[in-house]
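Comments concern the structure below.
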Amino acid sequence: MSTPDLFDPAPEDAALLAQLRQTLHAHAHRYYVLDAPTVPDAEYDRLFRQLQALEAKHPELNSPDSPTQRVGGKVLDQFGQVRHAVPMLSIRTETDTEASGAENFDARIRRELSLTDAEPAIEYVAEPKFDGLAMSLRYEHGVLVQAATRGDGEVGENVTQNIRTIGQIPLRLPVGVPPVLEVRGEVYMRRDDFEALNDRQRQRIAAGERGEKIFVNPRNAAAGAVRQLDPAIAAQRPLSFFAYGLGEVTPPEAGGPQWQTHYELLQTLKIWGFPVCTLVSIAQGATELVAFYTAIGGQRDGLGYDIDGVVYKVNSLALQRKLGFVTREPRWAVAHKFPAQEMLTTVLGIDVQVGRTGKLTPVAKLAPVFVGGVTVTNATLHNEDEARRKDVRLGDTVIVRRAGDVIPEVVSVLLDKRQGNPEVFTMPRICPVCGSAAVREEGEADYRCTGGLFCRAQRKQAILHFAQRRAVEVEGLGEKLVDQLVDAGVIHTLPDLYRLGFRARAEIEQLSADDLYARLPTTERQDIALEQLKKLERMAQLSAQNIVDALEKSKHTTLPRFLFGLGIRHVGEATAKELARHFGKLDAIMDATEEQLLAVADVGPIVAKSIRTFFDQPHNREVVEQLRACGLTWPEGEPAPVAAQPLSGKTFVLTGTLPTLDREEAKALIEAAGGKVAGSVSKKTSYVVAGLEAGSKLDKAQALGVAVLDEAQLKEMLDGRS
Ligand code: 9MJ
93 MSTPDLFDPA PEDAALLAQL RQTLHAHAHR YYVLDAPTVP DAEYDRLFRQ
143 LQALEAKHPE LNSPDSPTQR VGGKVLDQFG QVRHAVPMLS IRTETDTEAS
193 GAENFDARIR RELSLTDAEP AIEYVAEPKF DGLAMSLRYE HGVLVQAATR
243 GDGEVGENVT QNIRTIGQIP LRLPVGVPPV LEVRGEVYMR RDDFEALNDR
293 QRQRIAAGER GEKIFVNPRN AAAGAVRQLD PAIAAQRPLS FFAYGLGEVT
343 PPEAGGPQWQ THYELLQTLK IWGFPVCTLV SIAQGATELV AFYTAIGGQR
393 DGLGYDIDGV VYKVNSLALQ RKLGFVTREP RWAVAHKFPA QEMLTTVLGI
443 DVQVGRTGKL TPVAKLAPVF VGGVTVTNAT LHNEDEARRK DVRLGDTVIV
493 RRAGDVIPEV VSVLLDKRQG NPEVFTMPRI CPVCGSAAVR EEGEADYRCT
543 GGLFCRAQRK QAILHFAQRR AVEVEGLGEK LVDQLVDAGV IHTLPDLYRL
593 GFRARAEIEQ LSADDLYARL PTTERQDIAL EQLKKLERMA QLSAQNIVDA
643 LEKSKHTTLP RFLFGLGIRH VGEATAKELA RHFGKLDAIM DATEEQLLAV
693 ADVGPIVAKS IRTFFDQPHN REVVEQLRAC GLTWPEGEPA PVAAQPLSGK
743 TFVLTGTLPT LDREEAKALI EAAGGKVAGS VSKKTSYVVA GLEAGSKLDK
793 AQALGVAVLD EAQLKEMLDG RS
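Listed below in structure tokens is the structure:
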């Protein structure tokens, strides 16, 4: 290695270094002060590491005002300042998203403690790393007297007024707590609360209210709420809290608590009324840290809140003291990150996709980028209004986000990176697939292609919908195969799926496909289908046979599956089940008046009209007849109208984690018993079912006087016992 020349650092390095500092200062300002970052964390981290590397290479260029020399953010003047009695630390971040991220930490701790391989594993506490903002809550004689942000770690902002509006944070603690107690943790916003907040924001913007904005992600929404100058507005922004540590506490010798471990202190905080995440676990050694990392990574998408990694902490407080600190980071803890959920990439084009119901969706085609654990090449722009609002254009640098199970979306454009003046996106007025007119109905956000099944895109989607697992289930019939079959003209209508090859053969024999089909025995029909399938590219004998078998198997179905598979607008699985139960037979449904349809639990005027309109089209009735002619059958029953069900007429809202049921199971059970499940609490809510870590919905239920149930009580109601 060459020694750096003190008098002549490479001029390009010096320039780059200055530029990086300037850029990072600007990003830090937008992140910490304005709560409106313009780049993803991963991009900030990348620039930060680049600067750190350059500074390491040129120590002569170090400067105390470099972004690398600061922890956290600047303190805003709007709020009073608070000097933390004990500095608020940040923890070292391990960005290696492999198992080695955990193993290296354990190895380092063992080295620091001079442990040999023969000595037992170290006990850790492993916690999720919540993606919110750190908060220090100070209680004196059991009363909340102050809440402060981290700020620069030494001095933070006094945000007590706003924090008092968070229902999950106790304002008063039980008797017996130490006279001075600072609890530290993360203020965050649950994903459902975030979605509901943004829905409200969209309505406000649509109503022309000024100064309102859509929040980019739950963390920014939470940060914005905490630093909102008007506590009344802060109170409308639903926030949650998890405790994970301590600041100043009355010492044991002055009568304070005598905790031995971090886990023990967390349990005590829980008893005192602080929310402590139930996922927090004890882990023995590196193996169990890795297991925790993997397990939590697997649950990440299904949690009610964003996490960006996990945190490992040495459990023994005595060992923590022994390990101490390096500069301002504790040696006894590390944050092990998950793959980023937001990344930068560029827009290669904007396509418009046509869905099953003809809905036109603008989709940004992206340079491939690894985000949220998968490689993303497409991101939805939702609809024309959203595309306009985000103003995404060809060549733009954009932030893409993939969090939870949701489809990837473009969060925002980095306007200062836009080159030239690319064209503004406009929604086409004709369907890009079939050329039919595309129209936007009044009051709707979407344009729809009016081509119906004439449109190849709608035909493909209709077939995939019919063949999916939740409908008649044709195993192995995927998007690629349907594309091939429709593009080759083998399938024109849904029944063609069961008459593969018949169009071509019927043409030769100058018969209608229907007649030809009726004349042939099953084995011969299957041979024609096999032959047709084998003509397709990359279709081997075996897979062709599998498809033929799967098609045959799918013919024996149930009425709800068949009905759902038809793809009638507004008829989902649950409605299909209700219709089947109520009427018993398909013909009865096809001939029911709107009024008769309205008698079905689950069916309102819009749904009734949609069903009637569907079966009023001769073309749709023909599809049903042809499918029957192809041998689709299902057991039919007697009508079973309106059996009084235990939960009829009741609306439920689910919140938090229930002990045994997951959200989907609870929802299915409630619906099966005649109840409805809604997303937010209102005066119309009959019951809120609350589990662990219930969020603001529970607070709201209590505020509105809505009855709250636990899982056991819900089960009793389901059984009709109460
Ligand atoms: C987060 N962000 O979830 C800590 N953190 O501990 C957890 N942060 C922390 N612990 C000491 N779970 C300093 C910061």
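Counting with my numbering, you get residues 93 to 814 for the letters of the sequence shown. The beta carbon of each residue, even a glycine, is placed where N, CA and C say it ideally should be.
What residue from the options has the CA that sits closest to residue i's CA?
i	options	result
Q253	A684, A327, L225 and G234	A327
Q391	G465, D488, I660 and V131	G465
G766	A563, E567, K669 and E211	K669
M281	R617, R113, E757 and F334	F334
T386	A218, T752 and F517	A218
T419	I600, E287 and L181	L181
T257	V402, V272, L625 and L236	L236
L179	V516, A471 and E340	The sequence shown places Pro at residue 179, rather than the Leu named in the question. Answer by Cα proximity: E340.
F744	L790, Q511, N712 and A199	L790
A191	G377, Q114, H233 and A315	G377
P751	S206, L146, A804 and V780	A804
V174	D244, V574, W424 and F140	D244
A721	R561, Y590, R230 and K149	Y590
V773	E756, V800 and A760	V800
K645	A559, R532, F286 and S155	A559
Please classify residue i: does DSSP put it in a helix, a strand, or coil?
i	result
R256	coil
Y397	coil
S94	A caution first: S94 carries a pLDDT of 44, below 50, which makes its placement in the model too unreliable to give a value.
S772	coil
A102	coil
Q445	strand
Q376	strand
F286	helix
L810	helix
A537	coil
V582	coil
K552	helix
E190	coil
A240	strand
L126	coil
A804	helix
K451	strand
F384	helix
L371	coil
R493	strand
P266	coil
N309	coil
V247	strand
Looking at the secondary structure, which residues open and close the alpha helix (DSSP H) in which residue i lies?
i	result
F334	No alpha helix (DSSP H) holds F334; the beta strand (DSSP E) holding it covers S332 to V341.
I660	I660 -> no alpha helix (DSSP H), and no H or E assigned at all.
T743	T743 -> not in any alpha helix (DSSP H); beta strand (DSSP E) instead, spanning T743 to T747.
I325	P323 to A327
A272	According to the sequence as given, residue 272 is Val; it is not Ala. Segment V272 to Y280 is the beta strand (DSSP E) holding V272; no alpha helix (DSSP H) there.
A621	T614 to K626
Use the C-beta contact count for residue i: other C-beta atoms within 10 angstroms, 16 or more gives buried, fewer gives exposed.
i	result
R329	buried
I499	exposed
G741	exposed
N475	buried
R413	exposed
R713	exposed
G316	buried
H648	exposed
P220	buried
T725	exposed
V582	buried
G193	buried
G164	For G164, the pLDDT reaches just 48, beneath the cut-off of 50, and the residue's location in the model is therefore unreliable, leaving the point undetermined.
N470	exposed
A700	buried
In the DSSP assignment, the beta strand (DSSP E) including residue i goes from what residue to what residue?
i	result
N470	V466 to T472
Y231	L225 to E232
P220	E215 to F222
K818	Lying before the first or after the last residue shown, residue 818 is absent from the chain, which here runs from 93 to 814.
Q633	Where Q633 is concerned, there is no enclosing beta strand (DSSP E), although the alpha helix (DSSP H) it sits in stretches over Q633 to S646.
R532	A530 to R532
> What residues sit near ligand 1, counting only those whose C-beta is closer than 6 Å to one of its heavy atoms, in chain order?
Replying inline: L181, I183, E219, K221, F222, E278, Y336, G337, V403 and A425
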